[in-house]
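Working notes, structure below.
2 protein chains.
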Amino acid sequence: MTIRYPNGKAYRQPTHHNTSPSKFANVNFGDRGMSLEEELNDSNTFYLENDIAVIHKKPTPIQIVKVDYPSRSAAVIKEAYFKQASTTDYNGVYRGKYLDFEAKETKSKTAFPLKNFHEHQIEHMRKCMAQAGICFVIIRFAVLDRLFLLKASDLFTYWDRQTSGGRKSIPLTDIEKLAAELHYQINPLIPYLDAVDQIIG
Amino acid sequence: MTIRYPNGKAYRQPTHHNTSPSKFANVNFGDRGMSLEEELNDSNTFYLENDIAVIHKKPTPIQIVKVDYPSRSAAVIKEAYFKQASTTDYNGVYRGKYLDFEAKETKSKTAFPLKNFHEHQIEHMRKCMAQAGICFVIIRFAVLDRLFLLKASDLFTYWDRQTSGGRKSIPLTDIEKLAAELHYQINPLIPYLDAVDQIIG
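Residue numbers (full-length UniProt numbering), protein chains in the order written: chain A, 1 to 201; chain B, 1 to 201.
Here you go:
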């Protein structure tokens, strides 16, 4: 059964993908059958277990309305609603730095639509940067199977420009110039901290 | 006014405390009728709105089993369960530092029981500290209405000692020596970043 968010997006249980070594037998990383979220969770698990960084995806915020208690040990939530998150999805600590980021996918082959981000996420990243946090977005062009890490400061340029009549997306050609392209590996699957190293300097 | 979803169900606001200025008319801060979590959320909102720090409580992790779609805009979760968190409840960024902490209350008047913490929370804080994060716990003696900020490194001492036959709680007299006592204020209600400043130095 596919569970869907109010926006129609499928909800994926955090139940993990197959982590057996055979996962990598097929080197066609472009057809992994994992969502970007699962790929990042997998990468974060690698970073955590190898004492490289502590980065977690935040749980989906839920407004709980009704809970039943059939027994002490198993409270059942009977009525609840999805709430809009007030922050980005991922944060944590790496080499003494606070990291904060959002991950998004597009089916477009030519540009990344800014509507993938919400005003409150942009504001959250601005506030984190004001505290010297490292903020960025990981964006995936699903059809092209290309993955980039774009600094939040570069995202802000396009975000602010759209409000003064600018285009509502970031051209892929601009992303190629501004962002770090990430290439799938085995461990971690998405080695995004390599790009973070470049930002930290 | 009752806000309703398209399906007619009432939307209930997260039960916030009274935020009118009269809240502080009675200076008996010991009888605020707020939980420690609400007090910290209130303090974090103050820190956020005044550009002092960006600290959020993580949403409670939920395992979703069944969702109904009475309409496109109001998915209703009909069956879900509480999951154990794999991290602490609070994290964020302050003055370029990654902060990570847990908040707990006890009714004891003499000692703080270590069973309030879980092994995975201790492990999480150890991992964050290895990345140069600032980790601590905020503990409240509810009956005494006394509040302390204890560094995670001091907590670890007692945690590790209990596994080798040591006592299963931290005596209040030890906490008085090791921890920073926090005193309720108006804004923020719990000025815990003052104690964090002492840790950062």
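Note that CB positions come from ideal geometry on N, CA and C, so glycine has one too.
Contact between the stretch 161 to 175 of chain A and the stretch 98 to 116 of chain A is established, with three or more Cβ pairs separated by less than 8 Å.
Assignment of A/SER169 by DSSP, reduced to helix, strand and coil, places it in the strand class. Judged by DSSP in its simplified three-state form, A/PHE156 adopts helix. Here B/THR173 is exposed, its C-beta having fewer than 16 other C-beta atoms within 10 Å. With respect to the 8 Å criterion, B/LEU155 and B/ILE52 are not classified as neighbours on the basis of their beta carbons.
Within its own chain, the residues whose Cβ lies closer than 8 Å to the Cβ of A/LYS57, once the five positions on either side in sequence are excluded, are GLU37, LEU40, ASN41, ASN44, ASP89, TYR90, listed in chain order. Taking A/ILE77 as the centre and dropping the five residues before and after it, the same chain places the C-beta of ILE64, VAL67 closer than 7 Å to its C-beta, in chain order. By alpha-carbon distance to B/ILE55, the top candidate from A/GLY133, A/LEU48, A/LYS177, A/ILE62 is A/GLY133.
The distance from the Cβ of A/GLU181 to that of A/LEU147 is about 7 Å, consistent with a contact at the 8 Å cut-off.
For A/GLY201, no Cβ of chain B is located within less than 8 Å of the residue's own Cβ. Using beta-carbon distances, A/THR88 does not count as an interface residue toward chain B, since no partner is under 8 Å. Contact annotation: B/LEU144 and B/ALA195 have beta-carbon atoms that are not nearer than 8 Å. Ranking B/LYS127, B/LYS104, B/GLN185 by CA distance to the CA of B/PHE46 puts B/GLN185 first. For B/HIS124, the enclosing alpha helix (DSSP H) stretches over residues 119 to 130. One thing to note: B/GLU102 has its Cβ within 8 Å of the Cβ of B/PHE117.
Per DSSP, reduced to three states, the secondary structure at B/ALA111 is strand. For B/PHE82, the nearest CB of chain A lies under 8 Å from its own CB, placing it at the interface with that chain.
Using a CB distance below 8 Å, the part of the stretch 45 to 65 of chain B facing chain A consists of LEU48, ASP51, ALA53, VAL54, HIS56, LYS58, PRO59, THR60, PRO61, ILE62, GLN63, ILE64, ordered along the chain. Scanning chain B for C-beta atoms nearer than 9 Å to the C-beta of A/GLN131 yields ASP51, ILE52, ALA53, VAL54, GLY92, VAL93, TYR94, ARG95, GLY96, LYS97, reported in chain order. For B/GLU79, the nearest beta carbon of chain A is closer than 8 Å to its own beta carbon. Its Cα nearest to that of A/LYS83, the residue B/ILE62 stands out among B/GLY96, B/THR87, B/ILE62, B/ASP100.
The alpha-carbon separation between B/TYR69 and B/PRO191 amounts to approximately 43 Å. Listed along chain B are LEU48, ASP51, VAL54, each with a C-beta nearer than 8 Å to that of A/LYS127.
Unbroken beta strand (DSSP E) runs of no fewer than 3 residues, entirely contained in the stretch 65 to 89 of chain A, are found at 76 to 82, following chain order. For the pair A/CYS128 and B/VAL137, the CB atoms are not nearer than the 8 Å cut-off. Rounded to whole angstroms, the gap between the alpha carbons of A/ILE200 and A/GLY96 is 10 Å.
Beta-bridge annotation (DSSP): A/THR106 is paired with A/PHE141.
Secondary structure note for B/ALA180: its beta strand (DSSP E) is the uninterrupted segment 180 to 182.
Neighbourhood of A/VAL76 in chain B, by CB distance below 8 Å: GLU79, ALA80, TYR81, in chain order. Counting only the Cα atoms, B/SER86 lies some 31 Å from A/SER153. In this structure, B/MET125 lies near B/ASP100, with their beta-carbon atoms less than 8 Å apart. By the CB criterion at 8 Å, A/ALA142 and A/LYS107 fall inside the cutoff. For A/ASP51, the secondary structure class from DSSP, reduced to helix, strand or coil, is coil.
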